[in-house]
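J.:
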Amino acid sequence: MLAECLEGLNIRPGGVYVDVTFGGGGHSRAILAHLGEAGRLYAFDRDSDANANAINDPRFCLIHENFMHLRNFLRLHGVRHIDGLLADLGISSHQIDDAQRGFSTRFDGPLDLRMDRQDGLTAADLVNNASPDDLESILRLYGELPNAHHMAQAIVAARDTAPIETTSQLRAAVEHLLPRGRENKTLAMLFQALRIELNGELEALRQMLQQASEMLNPGGRLCVMSYHSLEDRLVKNFFRAGNFDGIVEKDFYGVPQVPLKVVSRKPITASETELAENNRARSAKLRVAEKI
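Mapped onto the numbering used here, the consecutive letters of the sequence shown carry residue numbers -19 to 272.
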């Protein structure tokens, strides 16, 4: 959904922009193509693999950090205000296709799931050491799994026999609980839950949205593409109300006190043409808001 992202950003050639999910650099290269000599682009990615895709351009700077630290690291580069920010949440195709990262249910590999492999704990550490109650809560809250209790119990029973260290071992532990015809979908929900907990993804998203909103110049745009309901709900509520409860606060005269104006009332989704070329875009929802 590159064209939709660029349209949403409404790029000013001399503006300052941020791509908080650099990955392979496709979005960043397209943004740079719309910037003039005075324009600047700062990109964030906590995955050190992204460094291999760094762009050799004096207008560009890649910051190897979690985007939850957006404000602090932009200030280190002398940036206090921005004209737009793009976030393409979730995991990249590179991460999914690398069996050693453990993100895909299709490949056998280490049960890792870390966005930044310099972080200490892995998903294997999580599933082998979390209490049954904590494990159930993680699966219920972040995977929205209706059978979270039984799945947590199955994981605990399996780890009591031998540590769960690979993606295939985790799948084997819960195989008997996977609904017929929805095996891959249910596994994806399980992996999603562990990944969100391990990487603190929802808290990072909350902090990034708050900081980005404060740093935006009037008329600046936030473009956020999410891939599951937990992310999309946070983005939708924040764009609408300036908070994550979605409740619009009003002043004494009944005037809404919100920092942003929603540009796209409904989420923008991939076209049929793009879906034919990229099946992974089927769950993408792009929302755009503008600083008032």
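Just so it is clear, CB atoms sit at the ideal spot from N, CA and C, and this is done for glycine as well.
Determine the burial state of Asp37: buried for a count of at least 16 other Cβ atoms within 10 Å of its Cβ, exposed for fewer.
T.: Exposed is the call here.
J.: Apart from the five residues on each side of it in sequence, which residues of its chain come closer than 7 Å, Cβ to Cβ, to Ile76?
T.: Answer for Ile76: Phe83, Ser84, listed in chain order.
J.: Grab the span of the alpha helix (DSSP H) containing Val204 for me, first residue to last.
T.: First-last for Val204: 196 to 206, but that is the beta strand (DSSP E), not the alpha helix (DSSP H).
J.: Per DSSP, which residues does Tyr233 bridge with? Please list them.
T.: In DSSP, Tyr233 forms no bridge with anything.
J.: Give the list of continuous beta strand (DSSP E) stretches no shorter than 3 residues that lie fully inside the segment 93 to 139.
T.: None, since the segment 93 to 139 contains no complete beta strand (DSSP E) of that length.
J.: What are the start and end residues of each continuous beta strand (DSSP E) run of 3 or more residues lying completely inside the segment 11 to 48, in chain order?
T.: Qualifying beta strand (DSSP E) stretches, in chain order: 20 to 24, 40 to 43.
J.: Are the Cβ atoms of Gly180 and Asp63 separated by less than 8 Å?
T.: Taking 8 Å as the Cβ cut-off, Gly180 and Asp63 do not qualify as a contacting pair.
J.: Which value, in whole angstroms, describes the spacing of the CA atoms of Gly234 and Leu266?
T.: Their Cα atoms are separated by approximately 30 Å.
J.: Three Cβ pairs or more, each shorter than 8 Å: is that satisfied between the segment 19 to 31 and the segment 154 to 165?
T.: Segments in contact, no.
J.: Where do the N-terminal and C-terminal ends of the alpha helix (DSSP H) with Glu254 fall, by residue?
T.: Residues 252 to 257.
J.: Assign Val0 to one of three DSSP states: helix, strand, or coil.
T.: Residue state, collapsed to three classes: coil.
J.: Quick check: the Cα distance between Gly70 and Ala221, rounded to an integer number of angstroms?
T.: Looking at the two C-alpha atoms, the distance is approximately 23 Å.
J.: Hey, quick one: how far does the beta strand (DSSP E) through Ile273 stretch, first residue to last?
T.: Examination of residue 273 is not possible in this model, given that the chain is present from -19 through 272 alone.
J.: Please report the straight-line C-alpha distance between Ala192 and Phe47, rounded to a whole angstrom.
T.: For Ala192 and Phe47, the distance between alpha carbons rounds to 10 Å.
J.: Closer than 7 Å by C-beta to Glu45: which residues in its own chain qualify, once you throw out the five before and the five after it? Chain order, please.
T.: Once the five neighbours on either side are set aside, the close Cβ partners of Glu45 are Phe24, Arg26, Phe53.
J.: Leaving out five residues before and five after Ala128 in sequence, what residues of the same chain have Cβ atoms less than 7 Å from its Cβ?
T.: Hits under 7 Å: Glu116, Leu119, Arg120.
J.: By a C-beta neighbour count over all protein chains shown, 10 Å radius and 16 as the cutoff for buried, is Gly(-6) buried or exposed?
T.: The residue is exposed, with fewer than 16 neighbouring Cβ atoms inside 10 Å.
J.: Measure the alpha-carbon distance for Gly6 versus Ala134 and round it to whole angstroms.
T.: Using only the alpha carbons, I get a separation of about 41 Å.
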